[in-house]
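Colleague: I am attaching a structure below and will ask some questions about it afterwards.
There are 2 protein chains.
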Amino acid sequence: MTTTAHTGACPSGDERVMLVGLLFETNARLSRALGAELEESCDLPLPWFDVLLQLRRADEGHLTMSQLADATVHSTGGTTRLIDRIEAAGLVARQSCPTDRRAVHVAITVQGNEKLNEALEAHLVHLECRVADRLTKSERATLTELLTKLKGDD
Amino acid sequence: MTTTAHTGACPSGDERVMLVGLLFETNARLSRALGAELEESCDLPLPWFDVLLQLRRADEGHLTMSQLADATVHSTGGTTRLIDRIEAAGLVARQSCPTDRRAVHVAITVQGNEKLNEALEAHLVHLECRVADRLTKSERATLTELLTKLKGDD
DNA sequence: GACAAGTTATTGCATACGCAACTAATATGT
DNA sequence: ACATATTAGTTGCGTATGCAATAACTTGTC
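Okay, here's the thing in structure tokens:
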């Protein structure tokens with residue numbers, strides 16, 4: 384009797400299973416490529432870029448650690464360490480929240496803003512080859528719509 | 384003079400930047416949720432599930448380490464350790480390749496096959512809520528098509 | 001106003017992963 | 001044929017991250 388096998392009639396090729404597999408793979412390849420390119424051109428890790436972007440988009444110009452953790456889909460513990468590193472590099476600053484002494488506001492610094500501008504400029508170039516050359520504007524709109532639905536609210 | 388700022392006219396809201404951000408976020412939330420559910424119901428980490436799935440889909444019933452690394456989008460070093468763990472659990476087996484003595488074939492074991500069947504069954508239930516409830520069959524087909532284009536060949 | 005229960009952030013610990021260096025085997029070019 | 005280049009896999013090392021426990025604070029209830 385052999386110790387291995389590759390039979391099995393289970394739906395390993397099921398359309399939905401394939402779809403999420405494809406989503407995971409596409410994300411992995413794209414984030415790997417874009418992350419390497421961003422690191423190469425700007426010396427900025429992708430997770431740092433994500434943090435800076437979330438902060439710039441924030442209404443008041445700052446977010447709490449929890450909000451940032453949720454926005455970047457990290458644990459709060461991971462976010463603490465991530466912000467530690469970005470803050471040590473001078474790109475963001477922690478500030479005490481005036482209305483809740485447990486909370487910490489994270490804001491982007493002037494230096495962080497400059498870095499983000501530089502990174503966005505490079506990122507857009509990379510996106511040209513990796514995204515715009517592969518999907519038309521209307522396909523991108525459709526994809527945005529479908530991903531928004533898929534993401535859900537949780 | 385303040386040390387922080389949140390101004391900046393750069394295209395942080397650019398349609399393409401938003402799209403890849405959405406892709407990353409959707410992937411993170413979905414893989415976190417599905418991974419936790421799979422771990423909960425089958426005690427199987429998502430990366431292990433991915434490996435087993437890739438092996439079952441492989442033509443000959445086995446893949447080399449390099450093929451597996453590419454299929455799962457990991458480094459070869461990471462794949463070595465990953466297979467170490469899955470092999471220690473008895474779900475896959477390394478075999479020497481008859482035609483190339485550098486290469487190692489990885490095959491799914493009987494036990495791995497059973498585990499995969501169990502996991503697929505559970506996974507399909509989870510996909511029902513997380514995917515099928517959010518996208519119609521035709522939307523899923525469109526999404527598959529767009530992601531395939533976006534993934535590219537690299 | 002005091003206490004219980006929930007929330008916010010940080011820390012210790014464990015682990016998974018990538019990179020670069022290395023070894024072994026194979027392919028290529030002259 | 002032999003030297004060189006290429007490829008396959010493993011290992012050492014560094015690091016990023018999640019989980020669970022903890023401390024500080026807030027909120028709701030009586």
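Protein chains in written order, with my numbering: chain A, 384 to 537; chain B, 384 to 537.
C-beta: ideal position from N, C-alpha, C; glycine also.
These numbers were taken from a predicted model, which means no experiment stands behind them.
Is it true that the CB of B:Val456 sits closer than 7 Å to the CB of A:Arg412?
Modeller: A contact, by the Cβ cut-off of 7 Å.
Colleague: Quick one, are the C-beta atoms of B:Leu533 and A:Leu518 less than 7 Å apart?
Modeller: Yes, the Cβ-Cβ distance between B:Leu533 and A:Leu518 is below 7 Å.
Colleague: Give the secondary structure of A:His488 by DSSP, where H, G and I count as helix, E and B as strand, and everything else as coil.
Modeller: Residue state, collapsed to three classes: strand.
Colleague: Examine chain A for any beta-carbon lying closer than 7 Å to the beta-carbon of B:Gly535, and answer yes or no.
Modeller: Yes, B:Gly535 lies at the interface with chain A (some Cβ there is under 7 Å from its Cβ).
Colleague: Can you tell me which residues form a DSSP beta bridge with A:Leu518?
Modeller: BP columns for A:Leu518 are empty, so no partner.
Colleague: Going straight from the alpha carbon of A:Val487 to that of A:Cys480, what length do you get?
Modeller: Computed Cα separation, rounded: 5 Å.
Colleague: Would you verify that the beta carbon of B:Thr409 is, or is not, closer than 7 Å to some beta carbon of chain A?
Modeller: Yes, because at least one Cβ of chain A sits closer than 7 Å to the Cβ of B:Thr409.
Colleague: When the Cα atoms are used, what is the spatial distance from A:His407 to A:Ile466?
Modeller: For the record, residue 407 of chain A in the displayed sequence is Phe; it is not His. In a straight line, the C-alpha of A:Phe407 is about 26 Å away from that of A:Ile466.
Colleague: Please classify B:Lys520: is it buried, with 16 or more other beta-carbons within 10 angstroms of its beta-carbon, or exposed?
Modeller: It counts as exposed.
Colleague: Rounded C-beta distance between B:Leu427 and B:Leu421? I'm assuming under 8 Å.
Modeller: Sure, about 6 Å apart at Cβ, within 8 Å.
Colleague: Please report how far the alpha carbon of B:Trp431 lies from the alpha carbon of B:Glu501, in whole angstroms.
Modeller: Cα to Cα, the separation comes out at about 13 Å.
Colleague: Let's see if you can read the secondary structure: which residues bound the beta strand (DSSP E) around A:Ala476?
Modeller: Per DSSP, A:Ala476 belongs to the beta strand (DSSP E) from 475 to 479.
Colleague: What did DSSP end up calling B:His457 once you bin it into helix, strand or coil?
Modeller: DSSP places B:His457 in coil when its eight states are reduced to three.
Colleague: With a threshold of 8 Å on Cβ separation, who are the neighbours of A:Gln478 within its own chain once the five nearest residues in sequence on each side are excluded?
Modeller: Only His445, Val487, His488, Val489, Ala490 meet the Cβ criterion.
Colleague: Where does A:Thr482 fall in DSSP's three states?
Modeller: The answer is coil: DSSP assigns A:Thr482 none of H, G, I, E or B.
Colleague: Leaving out five residues on either side along the sequence, give the residues of the same chain with a beta carbon under 6 Å from the beta carbon of A:Gly495.
Modeller: Answer for A:Gly495: Leu435, Leu474, Val475, listed in chain order.
Colleague: Which word fits B:Val403, buried or exposed, when buried means at least 16 other C-beta atoms lie within 10 angstroms of its C-beta?
Modeller: Its Cβ being crowded by 16 or more others within 10 Å, B:Val403 is buried.
Colleague: Determine the direct distance from the alpha carbon of B:Arg464 to that of A:Gly535, and round the result to whole angstroms.
Modeller: So the two alpha carbons sit approximately 34 Å from each other.
Colleague: Should B:Leu530 and A:Thr409 be called a contact, given that it needs their Cβ atoms to be closer than 7 Å?
Modeller: Against a cut-off of 7 Å, the Cβ pair of A:Thr409 and B:Leu530 comes out as a contact.
Colleague: Can you confirm whether A:Val434, when its beta carbon is compared against all beta carbons of chain B, has any partner nearer than 7 Å?
Modeller: Chain B contact via Cβ: absent.
Colleague: For B:Arg464 and chain A, any beta-carbon pair shorter than 7 Å?
Modeller: Output row for B:Arg464: interface = no.
Colleague: Out of B:Asp433, B:Glu470, B:Glu443, which has the shortest C-alpha to C-alpha gap to B:Ala452?
Modeller: Among B:Asp433, B:Glu470, B:Glu443, the Cα nearest to that of B:Ala452 is on B:Asp433.
Colleague: Can you list the residues of chain B that A:Val508 reaches, using a CB-CB cut of under 8 Å?
Modeller: Under the 8 Å cutoff, chain B gives no residues; its nearest Cβ is about 11 Å from A:Val508.
Colleague: Please give me, in chain order, every unbroken run of the alpha helix (DSSP H) with length at least 4 that falls completely inside the region 411 to 464 of chain A.
Modeller: As far as the region 411 to 464 of chain A is concerned, its whole alpha helix (DSSP H) runs of at least 4 residues are 429 to 440, 448 to 455.
Colleague: Just to confirm my understanding: we take A:Thr459, look at its own chain, exclude 5 residues before and 5 after, and list those with CB closer than 8 Å. What are they?
Modeller: For A:Thr459, where only same-chain residues beyond five positions count, the Cβ hits under 8 Å are Met448, Ser449, Ala452.
Colleague: Quick one: Cα of A:Leu492 to Cα of A:Ala472, how far?
Modeller: It is worth fixing the name first, because residue 492 of chain A is Thr in this sequence and not Leu. Rounded to whole angstroms, A:Thr492 to A:Ala472 spans 11 Å at the Cα level.
Colleague: Using the rule of at least 16 other Cβ atoms within 10 Å of the residue's Cβ for burial, across every protein chain shown, is A:Val514 buried or exposed?
Modeller: Buried is the call here.
Colleague: Could you tell me the boundaries of the alpha helix (DSSP H) in which A:Ala502 lies?
Modeller: First-last of the alpha helix (DSSP H) with A:Ala502: 493 to 510.
Colleague: Residues of the region 479 to 494 of chain A with a CB closer than 8 Å to any CB of chain B: list them in chain order, please.
Modeller: The residues in question are Ala490, Ile491, Thr492, Val493.
Colleague: Can you tell me whether B:Thr385 is buried or exposed? The criterion is at least 16 other CB atoms within 10 Å of its CB, across all chains shown.
Modeller: Low confidence applies to B:Thr385: its pLDDT is 45, below 50, so where it sits in the model is not reliable enough to give any reading.
Colleague: Check distances from the C-beta atoms of the region 416 to 442 of chain A to those of chain B and list, in chain order, the residues that come in under 8 Å.
Modeller: Listed in sequence order: Ala416, Leu417, Asp433, Leu436, Leu438, Arg439, Arg440, Ala441.
Colleague: Could you give the C-beta distance for B:Ser395 and A:Leu503, rounded to a whole number, given that I count them as a contact under 8 Å?
Modeller: About 6 Å; that satisfies the 8 Å criterion.
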